[in-house]
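To keep things clear, I will list the structure first and then write my remarks on it.
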Amino acid sequence: MPKAIRQKTKIRTGGVLEIRSPEFPEGVDVEVIVLIDDGIQSPATLTKLIGSAKGCYASPEDADQFIRQERNQWD
Numbered sequence: 003m004p005k006a007i008r009q010k011t012k013i014r015t016g017g018v019l020e021i022r023s024p025e026f027p028e029g030v031d032v033e034v035i036v037l038i039d040d041g042i043q044s045p046a047t048l049t050k051l052i053g054s055a056k057g058c059y060a061s062p063e064d065a066d067q068f069i070r071q072e073r074n075q076w077d
């Protein structure tokens, strides 16, 4: 499994990026991925929105009562 080392740094003039760490093994091939923080927050995912809005029932008991009434109408 690949080992991941996370560091934050600044991009220097001319787009130069420098990372140093004693954890870097000398002579080993690595893959570098650069994530640029543009200061813009990504929009909320749908899973974060679920349950965050006000519901149409005052309590869970009210929701249960409504569901029971609906099920009783099926008969």
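To convert, count from 1 in the sequence shown and add 2; that's our numbering. Using N, Cα and C, we set each Cβ at its ideal position, and we do this for glycine too.
Going along the chain, which residues of its own chain have a beta-carbon closer than 8 Å to the beta-carbon of residue i, five neighbours each way excluded?
| i | result |
| --- | --- |
| Gly16 | none |
| Lys56 | none |
| Phe68 | Tyr59 |
Following the continuous alpha helix (DSSP H) through residue i, name the residue where it begins and the one where it ends.
| i | result |
| --- | --- |
| Gln75 | Pro62 to Trp76 |
How about residue i and residue j: are their beta carbons less than 8 Å apart?
| i | j | result |
| --- | --- | --- |
| Gln9 | Ser23 | yes |
| Ile7 | Glu25 | yes |
Completely contained alpha helix (DSSP H) runs for the region 27-58, where each covers 4 or more residues: 48-51
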